[in-house]
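The sequence shown begins at 17 in our numbering and counts up by one. Heads up, the beta-carbon is just placed ideally off N, CA and C, and yes, glycines get one too. Because the structure is a prediction, the values reported are computed rather than measured. Reviewing the structure listed below.
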Amino acid sequence: MGGPVPRERSGLVVVMLCFLTIVADGYDLIVYGATVPSLLDEPGWEMSASTAGLIGSWTLVGLMVGFLLAGPLADRIGRRKVMMAGVVWFSTGCAICAVATSPEFLGAARFFTGIGLGGVVPSAVALTMEFAPRNRRQIYNGMMLTGYSFGGIVAALVAIALLPDNSWRVLYGVGALCVIVVPAMYFWLPESVNSLVTRGKDAEAAELARAYGLDIDAVRAEQRIQVDAAASTDSTSGLRMLLTRRYLPSLLLFVLVCFCAQVITYGLNTWLPVLMRKAGYPLGSSLQFLLVLQVGAIIGMVGGSMLADRYGSRRILALFFLIGAVSLLALSRKLDTAVLMVAVAGAGLGSIGSSSLAYGYVAAKYPASCRGSAVGASMGLGRVGSILGPSIGGWLVGSSLGSHWNFYAFAMPAVIAAVIVILMPASTVDDEVAQVQAPDPDSGGIIEPAR
17 MGGPVPRERS GLVVVMLCFL TIVADGYDLI VYGATVPSLL DEPGWEMSAS TAGLIGSWTL
77 VGLMVGFLLA GPLADRIGRR KVMMAGVVWF STGCAICAVA TSPEFLGAAR FFTGIGLGGV
137 VPSAVALTME FAPRNRRQIY NGMMLTGYSF GGIVAALVAI ALLPDNSWRV LYGVGALCVI
197 VVPAMYFWLP ESVNSLVTRG KDAEAAELAR AYGLDIDAVR AEQRIQVDAA ASTDSTSGLR
257 MLLTRRYLPS LLLFVLVCFC AQVITYGLNT WLPVLMRKAG YPLGSSLQFL LVLQVGAIIG
317 MVGGSMLADR YGSRRILALF FLIGAVSLLA LSRKLDTAVL MVAVAGAGLG SIGSSSLAYG
377 YVAAKYPASC RGSAVGASMG LGRVGSILGP SIGGWLVGSS LGSHWNFYAF AMPAVIAAVI
437 VILMPASTVD DEVAQVQAPD PDSGGIIEPA R
């Protein structure tokens, strides 16, 4: 009975804790969108729509800061500590938001919260990839990241239950309660074996690897390979390759695609309840639309990955963007409730669902030598869209344009992204490799060895 714990069993506990952490992260991120309608009506604040949009953007700026700081910090003190500290950080930020006395106070508190929100993501992804069953790592990682949308669903449900009878402050108080996941992390979340090996704690790493059924020799070999590769490879070679005539045009287009996806995602997460309220729906119904948006996102993230494996990322990504555009255009019209809910779900599928597919498509388009640089550049530069999305929404809501123009404005990036993806060459790196390896018709089916 004292033998090693089976990896599948122990590893799933780690994945579940990472999932719960991302659910908490998603709640504290998306709860702002659920409270914006109430914030605009807060007595004595006189908050404008543009100010509300700017606060949403500052949250995303903080998230980027946390994302950038988390990796180097985890390399120094470990991923487990960074994750726990991040949860405490953003839970504290939500508590501060609950007692905000002015828009400026709330903006500073949301920026502070955003740092913690971004800080947990890299470690959650790394731990999930390390402890999930080896042949299902990508699937488990994708499922874990749906925690964002599940957190958004929880935020919408809490808002529907508590608003408008209670103050918006209660929702941030609930967000502060996310700290209750920390004791579970303390007792059941292990440190990364890779991190321990990197920091020279070999004995502790070996003991942890035995407990979770991990191959410590494989971990050490992977570390040696990474060190040797770093020593023998010019760290800028991948970036230089991206800047060549062959790859630069497609990289710029991918950055634009990711930018468009992020504008829609964070614009809708922040402003959908207000947009629907402006279109004539009561607050309760408007918050239900935020919930349905997250359901559509989950369908897009999970279903999109499965469809992309079968039919190719390019086709499904273009289809999802088109679905998002059509859905947003439909929202500008008065529709039956059932059709309206389908349109909102389609908007979630075409925005958040498309974002997750876009990064996979980027990875498939570039060789391994510059793949990391391509994904990093697309995600990093595309993230500017996440910062601008809430501010764009605030400008639209505060303008004198009709409510239908709000949906037209968010449909436009979806159309642009769909056109770009459709016009891109269909081939991926795997296609090119297959073409190179294909037998010459005149060779009798014999493949020549590479020289």
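Specify, as a first and last residue, the run of the alpha helix (DSSP H) that cysteine 274 falls within. Membership of cysteine 274 in the alpha helix (DSSP H) is indicated by the continuous run 264-294.
In whole angstroms, what is the alpha-carbon distance linking leucine 55 and serine 372? 30 Å
DSSP on tyrosine 297, reduced to helix/strand/coil? Tyrosine 297 falls in the coil class under three-state DSSP.
Compute the distance between the beta-carbons of serine 301 and proline 289, then report whether it is under 7 Å. no
7 Å CB neighbourhood of glycine 293 in its chain, flanking five on each side removed: With the sequence shown as reference, residue 293 is identified as arginine, and glycine is not the correct amino acid for it. The answer, listed in chain order, is Pro53, Leu299, Ser302.
Can you give me the C-alpha to C-alpha distance between alanine 116 and proline 383, rounded to a whole angstrom? 49 Å
Give a yes or no on contact between the segment 78-91 and the segment 126-144, applying the rule of three or more CB pairs nearer than 8 Å. The segment 78-91 is in contact with the segment 126-144.
Here's a check: name, in chain order, each residue in its chain whose Cβ is nearer than 7 Å to the Cβ of leucine 173, leaving out the five neighbours to either side. Leu307
Ordered list of alpha helix (DSSP H) runs contained in the segment 396-450, each at least 4 residues: 400-414, 419-439
Residues of its chain near cysteine 34, where Cβ-Cβ distance is below 6 Å and the 5 sequence neighbours each way are ignored: Ala140, Leu143, Thr144, Met160
What residue from Gly27, Val318, Thr37, Ala175 has the CA that sits closest to alanine 148's CA? Gly27
If you count every other CB in all the chains shown that lies within 10 Å of the CB of aspartate 41, and 16 or more means buried, which is it? buried
CA nearest to the CA of threonine 75, picked from Trp184, Ser407, Met440, Ile438: Ser407
So cysteine 274 and serine 394 are supposed to be a Cβ contact under 8 Å. How far apart are they, rounded? At roughly 5 Å, the Cβ-Cβ gap stays under 8 Å, so cysteine 274 and serine 394 are in contact.
Inter-residue spacing [alpha-carbon to alpha-carbon] between leucine 212 and leucine 338: 45 Å
Touching or not, the segment 188-202 and the segment 106-125, by the rule of three or more beta carbon pairs under 8 Å? In short, these stretches touch, since the Cβ pair count reaches three.
Pick out the complete alpha helix (DSSP H) segments inside the segment 17-74, 4 residues or longer, and give them in chain order. Counting only runs of 4 or more, we get 23-56.
Applying the criterion that 16 or more other CB atoms from any shown protein chain within 10 Å of the CB defines a buried residue, is serine 416 buried or exposed? exposed
Going by DSSP, what residue range makes up the alpha helix (DSSP H) through tyrosine 202? 197-204
Under 8 Å, with one C-beta from each stretch per pair, do the segment 100-107 and the segment 224-231 reach the 3-pair mark? no
Tell me, please, whether the segment 417-427 touches the segment 320-327 by the rule of three or more beta-carbon pairs shorter than 8 Å. no
Counting along the chain, where does the alpha helix (DSSP H) carrying alanine 137 start and finish? A small correction: the amino acid at residue 137 is valine; alanine does not occupy that position in the sequence shown. Looking at the DSSP string, the run of the alpha helix (DSSP H) that includes valine 137 is 137-147.
Secondary structure of glycine 167, DSSP reduced to three states: helix
Suppose contacts are defined by Cβ-Cβ distances below 7 Å. Is glycine 168 in contact with glycine 409 by that definition? no
Which residue from Val209, Gly72, Ser348 puts its Cα closest to that of leucine 427? Correcting the residue identity first, residue 427 is alanine in this sequence and not leucine. Checking every option, the nearest Cα to that of alanine 427 belongs to Ser348.
First through last residue of the alpha helix (DSSP H) which encompasses glycine 340: 329-347
By the 10 Å Cβ neighbour count, where 16 or more other Cβ atoms means buried, how is glutamine 154 classified, buried or exposed? exposed
Near valine 31, which residues of its chain fall below 7 Å by C-beta distance, leaving aside the five closest residues on each side in sequence? Thr144, Phe147, Ala148, Tyr156, Met160
Which value, in whole angstroms, describes the spacing of the CA atoms of tyrosine 377 and arginine 150? Arginine 150 has its alpha-carbon roughly 22 Å from the corresponding atom of tyrosine 377.
Output needed for arginine 96: all residues of its chain with C-beta closer than 6 Å, excluding positions within five of it in sequence on either side, in chain order. Excluding five sequence positions before and after arginine 96, the CB atoms of its chain that fall closer than 6 Å to its own CB belong to Leu205, Glu207, given in chain order.
What residues in its chain sit with their C-beta under 8 Å from that of isoleucine 474, if we drop five residues either side in the sequence? The requested residue 474 is not part of the displayed model; the chain covers only 17 to 467.
Per-residue DSSP class, three states only, for glutamate 207: Here glutamate 207 sits in coil by DSSP.
Distance, glycine 60 Cα to phenylalanine 336 Cα: In this model, phenylalanine 336 and glycine 60 are separated by some 43 Å (Cα to Cα).
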